[in-house]
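Counting from 1323, one number per residue, gives the positions in the sequence shown under the working numbering.
Just so you know, even glycine gets a beta-carbon here, dropped at the ideal spot from N, CA and C.
Note that this is a predicted model, so its numbers are computed, not measured.
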Amino acid sequence: MTTITNKTFLEALATCVGANGLLSAANDMAPYLTDWRGIYVGQASAVVRPANRDELAKVVALCAQHKVIVVPQGGNTGMCGAATPSTDAPCIVVCLSRMNRIIDVDALNNTMTVEAGCLLANIQQAAAEADRLFPLSLGSEGSCQIGGNLSTNAGGVNVLRYGNTRDLVLGLEVVLPDGRIWNGLRALRKDNTGYDLKHLFIGAEGTLGIISAAVLKLFPRPRSQAVAFAAVTDPDAAVALLSILRARCGDCVTAFELISRSCLDLVFKHIPGTRDPLSSAHAWTILTQLGDSGDDAALQSKVEAALGEAVEQGLVQDAVIASNQAQAAALWKLRESIPDAARVAGLIYRHDISVAVSKIPQFIRAAGAALEKNFPGTRVICFGHLGDGNLHYNAFVPGRDRSDAAAREATDVNRIVHDVVNSMNGSISAEHGIGMSKRAELARCKDPLELELMRSVKQALDPAGILNPGKIF
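Structure below.
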């Protein structure tokens, strides 16, 4: 790769994007060189901020000509370091925040066409103004960008009903590693004309191309909503409760979150203005949300009936149903505050795993036993999207401190948890991706033939290896 010391090259970049689109001073670049968790800190010769697709294409073509590494970056809210440059080789960071136009909203076709730098919250708002719903919902929705969401195939709380980000896209526009533009912005639900190329780029973490725009699916806005918080006897009871809710309410169930008591204790301790909505402490709770086209009373009646059935079966010990939006927001604040509360508490080993929903209780028991055997006194922080089989199964290990570099970089805890996941034919990354943090574990856990096929795709699309090297592989 080229060593970027040439003033002429930086001037050429400025020609592509204008003076306002190029940052090269250390202070200006600093926010783009560190990931959200503060774990990865990289180096770059410049941060380039194109204002549109054509500027982006010119930048990538110039970098391809000079064999300069390009690290694409959206809102920089990822959990695995995929959008952070390394220190291995000179590079530029391409930030898409200026490419933030909502190009078209077609309410009759239930689609929206947007540029990759649009904030997720702004897309949700634009959909609502058209009396539609864009269901992707994340804790970082006020700062994450749709291009990053697409590049990591983000999950969120509504996957149970609406699917991952991959399921919410009809078409893409992508700048390829040589600077050519693939225009696949088709707002079609049926297009059986060969390979569905958009799925190559969704979840590829910017290693195959840079998504510049997308056609997103919209849905009817729910007219009623119910949010309930319930104590369950154990994770087995939580899975059984989900089955009852779906039997009584069908596709109205949009989210179903499992939360261990250790999570709530951290939230109550570190997040001001939070309190337990139930009268006493319980080892396991669930938070569920339902939406429907009918009225609130009818939906609430269904939820009450489902919870009543679960109480009769001994699955639910206590429950509360939000009676207004403020109460619903307070319940969701408990769930959404867990990552911040855990981060304040100390060095935590994070795991973003998935297994079959039916195997969630078995996984929790097996992983807990394995950690306790190897690291007595481990405190598990278990929460996540039980409805789609995705848990954030995190752990504080006694004697491990964030100030200790060896402890921060240790992989022994992760390997134990991932071995349990692999024994159940699960995934070591359900929604956060691979980035830099899980490269070694991917190589250890992934089938060799799958890795070979993935490398073949990378070689075919990016033979020079200039797009986001060191991520995934």
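At a cut of 8 Å, does the region 1513-1522 reach the region 1431-1445 through at least three beta carbon pairs?
no
For the 8 Å Cβ check, are there 3 or more pairs between the region 1495-1503 and the region 1774-1791?
Yes, since at least three Cβ pairs between the region 1495-1503 and the region 1774-1791 fall closer than 8 Å, the two stretches touch.
In terms of alpha-carbon separation, which member of G1528, R1508, Q1547, L1510 lies closest to A1405?
G1528
Give the DSSP bridge partners of C1574, in chain order.
For C1574, which the question treats as bridged, DSSP gives no partner whatsoever.
Helix, strand or coil, according to DSSP, for S1615 in the structure here?
coil
Sort A1620, T1474, E1377, R1508 by Cα distance to V1537 and report the nearest one.
R1508
Can you tell which of T1487, E1579, C1767 has the C-alpha that lies nearest to the C-alpha of V1554?
E1579
Would you mind listing the alpha helix (DSSP H) stretches within the region 1521-1603 that are 4+ residues and don't spill past its ends, in chain order?
1557-1571, 1583-1592
Under the three-state reduction of DSSP, which class applies to L1458: helix, strand or coil?
coil
In whole angstroms, what separates the C-alpha of L1586 from that of D1598?
When only Cα atoms are considered, L1586 and D1598 end up about 8 Å apart.
Segment limits, beta strand (DSSP E) that includes T1435:
1433-1437
Between A1619, Q1446, E1753, which has its C-alpha nearest G1477's C-alpha?
E1753
Evaluate S1779 with the Cβ neighbour count: other Cβ atoms within 10 Å of its Cβ, from every protein chain shown; 16 or more gives buried, anything less gives exposed.
Rather than Ser, the amino acid found at residue 1779 in this sequence is Val. Exposed is the call here.
Give the secondary structure of Q1365 by DSSP, where H, G and I count as helix, E and B as strand, and everything else as coil.
If DSSP states are grouped into helix, strand and coil, Q1365 belongs with coil.
CA-to-CA distance, G1709 to Q1611, given in whole angstroms
11 Å
Compute the Euclidean distance between the alpha carbons of N1486 and D1513, then round it to the nearest angstrom.
Distance from the CA of N1486 to the CA of D1513, rounded to the nearest whole angstrom, comes to 20 Å.
Report back the beta-carbon spacing between R1766 and L1669 to the nearest angstrom; my notes put them in contact at under 8 Å.
About 22 Å; that fails the 8 Å criterion.
For R1423 and K1380, the rounded distance between their alpha carbons
19 Å
In three-state terms, what does DSSP make of K1329?
Reduced to three states, the DSSP call for K1329 is helix.
Do you know whose CA, among S1473, F1541, A1667, I1682, lies nearest P1557's CA?
I1682
Helix, strand or coil: how does DSSP classify S1745 here?
helix
Are the region 1671-1682 and the region 1743-1762 touching, with three or more C-beta to C-beta distances below 8 Å?
Two segments are said to touch when three or more pairs of C-beta atoms, one from each, lie closer than 8 Å; by this definition the region 1671-1682 touches the region 1743-1762.
Work out the CA separation of R1543 and E1694 for me, nearest whole Å.
46 Å
Among residues of its own chain, excluding the 5 on either side of L1567, which ones have a beta-carbon nearer than 6 Å to its beta-carbon?
V1575, A1628
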